[in-house]
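Report on the following structure.
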Amino acid sequence: MTQDSLRQYLSSTLKNDPALVFLIEDIAAACRDISYRVRNAAFAGELGSAGSVNIQGEAQKPLDLIANDIVEQSCGQNSKLAALVSEEIEEVTWLKTPEVGDYLLYFDPLDGSSNLDVDVSVGTIFSVMQVRDAQSKDVLKQGTEQICAGYALYGPSTIFVLSFGQDVNGFTCKSGTGTYYLTHPKMTVPATTSEYAINAARRDYWEAPVREYIDDCMLGVNGPRARFMNMRWIASMVAEVHRILVRGGVFLYPKDSNNAKAGGKLRLMYEANPMAFLIEAAGGKASTGHARILDIPPTEPHQRVPVILGSRDEVTLIEEYHQKNDAS
Ligand code: P6P
Numbered sequence: 005m006t007q008d009s010l011r012q013y014l015s016s017t018l019k020n021d022p023a024l025v026f027l028i029e030d031i032a033a034a035c036r037d038i039s040y041r042v043r044n045a046a047f048a049g050e051l052g053s054a055g056s057v058n059i060q061g062e063a064q065k066p067l068d069l070i071a072n073d074i075v076e077q078s079c080g081q082n083s084k085l086a087a088l089v090s091e092e093i094e095e096v097t098w099l100k101t102p103e104v105g106d107y108l109l110y111f112d113p114l115d116g117s118s119n120l121d122v123d124v125s126v127g128t129i130f131s132v133m134q135v136r137d138a139q140s141k142d143v144l145k146q147g148t149e150q151i152c153a154g155y156a157l158y159g160p161s162t163i164f165v166l167s168f169g170q171d172v173n174g175f176t177c178k179s180g181t182g183t184y185y186l187t188h189p190k191m192t193v194p195a196t197t198s199e200y201a202i203n204a205a206r207r208d209y210w211e212a213p214v215r216e217y218i219d220d221c222m223l224g225v226n227g228p229r230a231r232f233m234n235m236r237w238i239a240s241m242v243a244e245v246h247r248i249l250v251r252g253g254v255f256l257y258p259k260d261s262n263n264a265k266a267g268g269k270l271r272l273m274y275e276a277n278p279m280a281f282l283i284e285a286a287g288g289k290a291s292t293g294h295a296r297i298l299d300i301p302p303t304e305p306h307q308r309v310p311v312i313l314g315s316r317d318e319v320t321l322i323e324e325y326h327q328k329n330d331a332s
């Protein structure tokens, strides 16, 4: 069966927007280069720590910074790209004086990089929005304004998953040629699931509704779920979201007593928003537990938020645990 290449897909989907075709191709090319660097890091002495911390106060890996530079170099020549917002760089990088219709690129160049030294899957996450007002150099746009979002997963294969809001399609990079082919057309999230993902070590920090939901899941056949509820935790959001897009499930990184001051752990602009955009386009749901993630009005580029996303009915159930707690 001949599969469309990414270029064929983009050319037919974005007939009237060649600049966006070029931007997505540049992002995909950057991800192919990052994949190569990740696979060969041990030979280049690029594992371990970079000896620096990012705006998040997290230890940076050499590959965090390398991946950031690869995206900047690959996309920076696009004449309609006005600004970059990267997890690894505190300030917004303005590439030109913004004009209406220009693109804004928000990205986490290497998400889950703490897994690199132990050879577990990592990924790149990106979100694209557009300049609406040329006078304001404002990058704080809510998630509903995204025109495109996606990720690359560096696992047993390199898969580039992309949505423009209507559906979600996955393209696998063929080793040898480096061409991406459509291997996961129209990915959808099953409405129900028996699988959840959370860092259970943080149980003592959780708020009551999260603790009650997880405790009920762990009661399995003898509890209110009346069935075995499986658990996964890879500590790499891209891998968790990809699993959910392939077979369903729910992913939780809630606000808890340990991260409450920061607003949660995951970043709104380049983790929560793009993943929420993908999950909703695939028929799932993405919430803070109280509100839709895509409706959150951002207050600063590296803002953190609670994230609960995946199978629609399961996310709704978790919201009901929050509502019951709020009413008590
Ligand atoms: P923890 C990776 O650092 C990340 O941002 C997400 O990719 C991942 O889901 C989460 O943090 C892992 O957090 O607390 O398990 O290390």
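The numbers in the sequence shown follow the working numbering, run straight up by one, and end at 332.
Here a beta-carbon is modelled for each residue, glycine too, at the ideal position from N, C-alpha and C.
Skipping 5 residues on each side, what residues in its chain have a beta carbon closer than 8 Å to that of residue i?
i	result
R231	S198, G224, V225
G105	K84, Q134, V135
V89	V96, T97, L108, L109, Y110, F111, V143, M273, Y274, P305
K190	D171, V172, N173
I283	V193, V245, I248, L249, K289, A290, L313, G314
Closest to residue i by CA distance: which of the options is it?
i	options	result
E318	V214, L298, V309	V214
C3	I28, E29, I322	The first residue shown for the chain is 5 and the last is 332, placing residue 3 beyond what the model contains.
K259	N119, A285, W210, A286	W210
C177	Q170, D171, Y185	Y185
G116	V165, T6, A243, T162	A243
I312	G253, S39, A285	G253
K269	H188, L282, M241, V245	M241
D2	A331, R43, F281, D208	The structure shown does not extend to residue 2, since the chain spans only 5 to 332, so no value can be given for it.
Q146	N263, P310, N277	N277
T148	N203, E50, D299, A63	D299
T181	S53, T162, Q170	T162
E94	Q81, T101, L69, S179	L69
N119	P310, A156, G52	G52
E92	N82, E103, D37, D73	D73
L157	T17, L249, N58	L249
A331	H294, G314, A204	H294
A138	Y155, D121, K100	K100
A48	P66, N329, P194, P228	P66
If you follow the alpha helix (DSSP H) that residue i is in, where does it begin and where does it stop?
i	result
R231	Looking at the DSSP string, R231 is not in any alpha helix (DSSP H), and its letter there is neither H nor E.
Q170	Taken as a continuous stretch (DSSP letters only), Q170 belongs to no alpha helix (DSSP H), as it is neither H nor E.
Y13	10-17
H326	316-331
A33	22-43
F281	277-285
I129	Element bounds for I129: not the alpha helix (DSSP H) but the beta strand (DSSP E), 126-134.
E244	241-251
L223	212-223
Is the distance from the Cβ of residue i to the Cβ of residue j below 8 Å?
i	j	result
P302	M279	no
V172	A286	yes
V165	H246	yes
T128	A54	no
T183	S9	yes
P102	V75	no
From residue i to residue j, what does the alpha carbon distance come to, in whole angstroms?
i	j	result
Q150	S131	7 Å
F175	N234	28 Å
Y325	A23	45 Å
R206	A63	20 Å
Q327	S291	13 Å
A46	S56	19 Å
E50	R41	9 Å
T196	R251	10 Å
Looking only at its chain, what residues have a beta carbon closer than 6 Å to the beta carbon of residue i, apart from the 5 residues adjacent to it on each side?
i	result
S78	D30, A33, A34
F168	C152
K289	R316, V319
Quick check: is the beta carbon of residue i nearer than 8 Å to any beta carbon in chain B?
i	result
F26	Included in the structure is just one protein chain, with no chain B present.
In the DSSP assignment, the beta strand (DSSP E) including residue i goes from what residue to what residue?
i	result
D73	Unbroken run through D73 is the alpha helix (DSSP H), 66-79; no beta strand (DSSP E).
P113	107-115
Cutting at 7 Å between CB atoms, please list the residues of its own chain near residue i, excluding the five before and the five after it.
i	result
T192	A286, G287
G267	K259, Q307, R308, V309
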